[in-house]
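To keep things clear, I will list the structure first and then write my remarks on it.
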Ligand code: SAM
Ligand code: SF4
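Residue numbers (my numbering): 145 to 504.
Structure, rendered in structure tokens:
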């Protein structure tokens, strides 16, 4: 397989053995640029306990009707088909995944699935608010890793940014992960101009004190109000310049398929990462595919098309035939994946769904 660069791939190739016959006999989910897909992001709900300004409007968004949200049995079915197609890792997200009432059950059932590389690896991205009560159960259910999103270490700012007075709860969530021993423990922070760009070093100190690896993320055009402006985004370069005023950063290891460029802080052992989704796209190494809470498969965060798996799941076909249909749709969706997200191209159109409804 021709290796692809991290930026935007240019060389198209015919994926091996994809003749449309038995979708389970055609090797892993490979697109026309040679990218092999191993990572499935599963959104468990579009609802959230916060209203982060870059994600949701204050009044929320029209929630999916409950009957449209996949049941746990349906999620496990889709993931088990994906596993037969070579997926080895699932990240549960949302909305806020810990709002799902049966979250522990979802984790316990998914971690039972056997992949080509051993048991399915299941991790979670969360705002952390429910972690103090759920952490032990999640660990017992086999959860491998947790990412907690926290954009500020200032209580008033947290309130302004999330429109909720839950800073203490979020910090308790971070402490719960620290105590749990699940590692690596990653924290995500979106850097925003004139909002939190004066506290990037404080955020890094907070993360290090809680044994977390901080990942700064460039703000992407995925807000429900479509109000993203390039000028509000703090670029990867600016983030690094700001951190270098107080820390010595040296590149750490190979980026592989990770979106983050990782640096050792003051010669280690702690690290910090920068995810330059907009200015330093990593589409060339993308191995991700996404399932929305209402059962739509998306081949990219920025995809403008979706493939309906819920319709298959709720159709009349026998279970084995449904699995075949789901597998075919997954293969077709991956074959249709574009080279890159196109944010930097003139005709870029933001997806209709906001991040909270896609699954970040
Ligand atoms: N509610 C959970 C959380 O906040 O971690 C999971 C879902 S949230 C959509 C997943 C991640 O997407 C969070 O780290 C959040 O900061 C990030 N995110 C949301 N909107 C974003 C945007 N417009 N640009 C960059 N990252 C964004
Ligand atoms: Fe909720 Fe996460 Fe969106 Fe914030 S970023 S509003 S916590 S889904």
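No residue lacks a Cβ here, since even glycine has one placed at the ideal position from N, Cα and C. Small disclaimer: the values here were computed from a predicted structure and weren't measured.
Is residue 240 a contact residue of the ligand SF4, with contact defined as CB to any heavy atom under 6 Å?
Indeed, a heavy atom of the ligand SF4 lies less than 6 Å from the Cβ.
Mark residue 370 as exposed unless 16 or more other C-beta atoms lie within 10 angstroms of its C-beta, in which case mark it buried.
Taking all protein chains shown into account, residue 370 has fewer than 16 neighbouring C-beta atoms within 10 Å of its C-beta and is therefore exposed.
Residues near residue 388 in its chain [Cβ-Cβ closer than 7 Å; skip 5 each side]
Within the same chain, residue 388 has no close Cβ partners at all.
Return the Cβ separation of residue 351 and residue 378 in integer angstroms, given the expectation that the two are a contact with Cβ distance under 8 Å.
Contact flag wrong, Cβ pair sits at about 17 Å.
Fully enclosed by the segment 172–232, which alpha helix (DSSP H) runs are 4 residues long or longer?
For the segment 172–232, whole alpha helix (DSSP H) runs of length 4 or above, ordered along the chain, are 216–228.
Can you give the Cα-Cα distance for residue 363 and residue 461, rounded to whole angstroms?
Distance between the alpha carbons of residue 363 and residue 461 is about 43 Å.
With H, G and I counted as helix, E and B as strand and the rest as coil, what does DSSP make of residue 440?
If DSSP states are grouped into helix, strand and coil, residue 440 belongs with the strands.
May I ask whether a heavy atom of the ligand SAM can be found less than 6 Å away from the beta carbon of residue 340?
Because no heavy atom of the ligand SAM lies under 6 Å away, the Cβ of residue 340 does not count as near it: no.
Limits of the alpha helix (DSSP H) - the one that residue 454 falls within:
454–457 is the extent of the alpha helix (DSSP H) around residue 454.
From this set, 447, 426, 203 and 445, which residue's C-alpha is nearest residue 307's C-alpha?
Checking every option, the nearest Cα to that of residue 307 belongs to 203.
Distance cut-off 6 Å: residue 196 Cβ against heavy atoms of the ligand SF4:
Yes, the ligand SF4 has a heavy atom inside 6 Å of this Cβ.
Cα-Cα, which of 232, 299 and 319 is closest to residue 274?
Nearest option by C-alpha distance: 319.
Is it buried or exposed for residue 448, if we count other Cβ within 10 angstroms and need 16 for buried?
It is exposed - the Cβ of residue 448 has fewer than 16 other Cβ atoms within 10 Å.
Hey, is residue 200 close to the ligand SAM, as in C-beta under 6 Å from one of its heavy atoms?
Residue 200 Cβ: outside cutoff for every heavy atom of the ligand SAM.
Any heavy atom of the ligand SF4 inside 6 Å of the beta-carbon of residue 291?
No, Cβ of residue 291 sits at least 6 Å from all heavy atoms of the ligand SF4.
Nearest-angstrom beta carbon gap, residue 221 and residue 457 [assumed within contact, 8 Å]
Confirmed, about 6 Å.
Among 268, 323 and 196, which residue has its Cα nearest to the Cα of residue 184?
Closest in alpha carbon position to residue 184, among 268, 323 and 196, is 268.
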